[in-house]
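S.K.: Can you read through this structure? Questions will come right after.
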Amino acid sequence: MVTSRIGEWLAVTWQSLASTGGLLLEFAGIGPDVDPHTKVTFRAIADAVVPETPGLAGEIGPEHVPGGLAVELDEFAVTYVDDGFQLGLPHLGPQGNIPIADPIAHLLDSAALTLLERGDNERDPDVDRALSLLGPDDPSPTVVEDVVGPFAKLSRRDRLRAIAIVDEFDVEFSPTDDDLLELDAGLVGQLVIGFMEMIYYSEWQGYDEFTQPPSRRVHPNDRSAVQSWRQTGFPGFANGYAALRGYVGTAESPLGDGDTWATVDETAGVRIVRESGAFRENDYDTSDYGEPFPVESG
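Those letters in the sequence shown? Residues 2 to 299, per the working numbering, in order.
Set out below in structure tokens:
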């Protein structure tokens, strides 16, 4: 058992090195955009976070069966995490996006091995679980079987347990004598669980091309175009939900000006007005102000 675990750790390390090489080739415009290992790992994440639920068909309807994989939630997540984080350097500014999908996939493999070492898994890992996640456009099972990591081999519940372990990983290092950088991987769990849940129930699936700038995207705002809207009965978004409804003002305050919005309680001391008003210098008397935490002398 110990020898097997060592072999798995070595395999994960080798995959990480190979992925780094693939990342460099990707920067050079050579090779696939998404590493097969990363692809199957993110499919495993989507399958665990928003799973297919056949048991709901008879209970509340067949539209509630499909999960995240049915709408390629995994592909959207890879695109988001690879394009959503930017590298900036002091005095040089932004230096481009940081593709972090590959590192996240390898981090989850490390968490999976930690779960197995502790014996906290409910079921044994099985490569067939990973292969069952593949879609028609994914790499062949033969290719995936050679690169699949331990995370994708876990059961759904064990994958969620492995993601929880990631919160325990932290790193401290000092690039110079005067610096101490502390990093933890807790945000990874929030990213792969919280983000996938949030985006699944948003409107993203209905856009014709989500990677376009917002001004160029087209959305039908139709429940039939978004799987999660069909499942929840959400009617679609409407203009004005977040519309500004005026400014708060009182008779003694210069803030809030212009015509007053009609309110239910016309006798209220607070007015809701249509214009912001203006702040006047020395409008408030602060002569009796005292510091709550005065600095001690000496």
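Where a beta carbon is used, it is the ideal one built from N, C-alpha and C, also for glycine.
Note that the structure is a prediction, hence the values are computed from the model and not measured.
What separation, rounded to the nearest whole angstrom, lies between the Cα atoms of Thr1 and Ala131?
M.R.: This structure does not reach residue 1, given that the chain is present from 2 up to 299, and the question cannot be answered.
S.K.: Can you list, in chain order, the residues of its chain with a C-beta nearer than 7 Å to that of Glu123? Leave out the 5 residues immediately preceding and following it.
M.R.: Ser156, Arg158 and Asp159
S.K.: First and last residue of the alpha helix (DSSP H) that includes Tyr201?
M.R.: Met197 to Tyr201
S.K.: Three or more beta-carbon pairs under 8 Å between the stretch 34-54 and the stretch 133-148, yes or no?
M.R.: yes
S.K.: Helix, strand or coil, according to DSSP, for Val79 in the structure here?
M.R.: helix
S.K.: For the alpha helix (DSSP H) that Ser229 lies in, which residues bound it at each end?
M.R.: Gln228 to Thr233
S.K.: Are the Cβ atoms of Leu116 and Ala163 separated by less than 8 Å?
M.R.: yes
S.K.: Out of curiosity, what's the CA-to-CA distance linking Tyr202 and Val82?
M.R.: If I take the Cα positions, the gap works out to 18 Å.
S.K.: Per DSSP, what kind of secondary structure is Val35 in: helix, strand or coil?
M.R.: coil
S.K.: Mind listing, in chain order, the continuous alpha helix (DSSP H) runs of no fewer than 4 residues lying wholly within the stretch 96-174?
M.R.: 102-119, 128-133, 142-148, 151-154 and 157-166
S.K.: How many Å lie between Glu53 and Asp75 at the Cα?
M.R.: 14 Å
S.K.: Could you work out which residue in Leu70, Ile101 and His107 is closest to Asp84 when comparing CA atoms only?
M.R.: Ile101
S.K.: In the structure shown, what three-state DSSP assignment does Ala64 receive?
M.R.: First, the residue type needs correcting, since residue 64 is Glu and not Ala in the sequence shown. If DSSP states are grouped into helix, strand and coil, Glu64 belongs with the helices.
S.K.: Among Phe238, Val227, Pro140 and Gly59, whose alpha-carbon lies nearest the alpha-carbon of Gly69?
M.R.: Val227
S.K.: Helix, strand or coil for Asp48 per DSSP?
M.R.: In this structure, Asp48 counts as helix in the three-state DSSP scheme.
S.K.: Taking the straight line between their C-alpha atoms, what separation do you get for Ala106 and Gly291?
M.R.: 54 Å
S.K.: Quick check on Val219: does DSSP put it in helix, strand or coil?
M.R.: coil
S.K.: Taking the alpha-carbon positions, what's the Ser141 to Gly150 distance?
M.R.: 16 Å
S.K.: How big is the Cα-Cα spacing for Gln232 and Val219?
M.R.: When rounded, the distance between both Cα atoms is 22 Å.
S.K.: Which class does Leu24 belong to by DSSP, given the choice of helix, strand or coil?
M.R.: Reliability fails at Leu24, whose pLDDT of 49 lies under 50, so the model's placement of it is uncertain and no value is given.
S.K.: Write down the C-beta distance between Glu198 and Val66 rounded to the nearest angstrom, noting that I regard them as a contact closer than 8 Å.
M.R.: Contact doesn't hold; Cβ gap of about 18 Å is too wide.
S.K.: Hey, Ala78 and Phe196: beta-carbon distance below 8 Å or not?
M.R.: Contact check for Ala78 against Phe196 passes: the beta carbons are separated by less than 8 Å.
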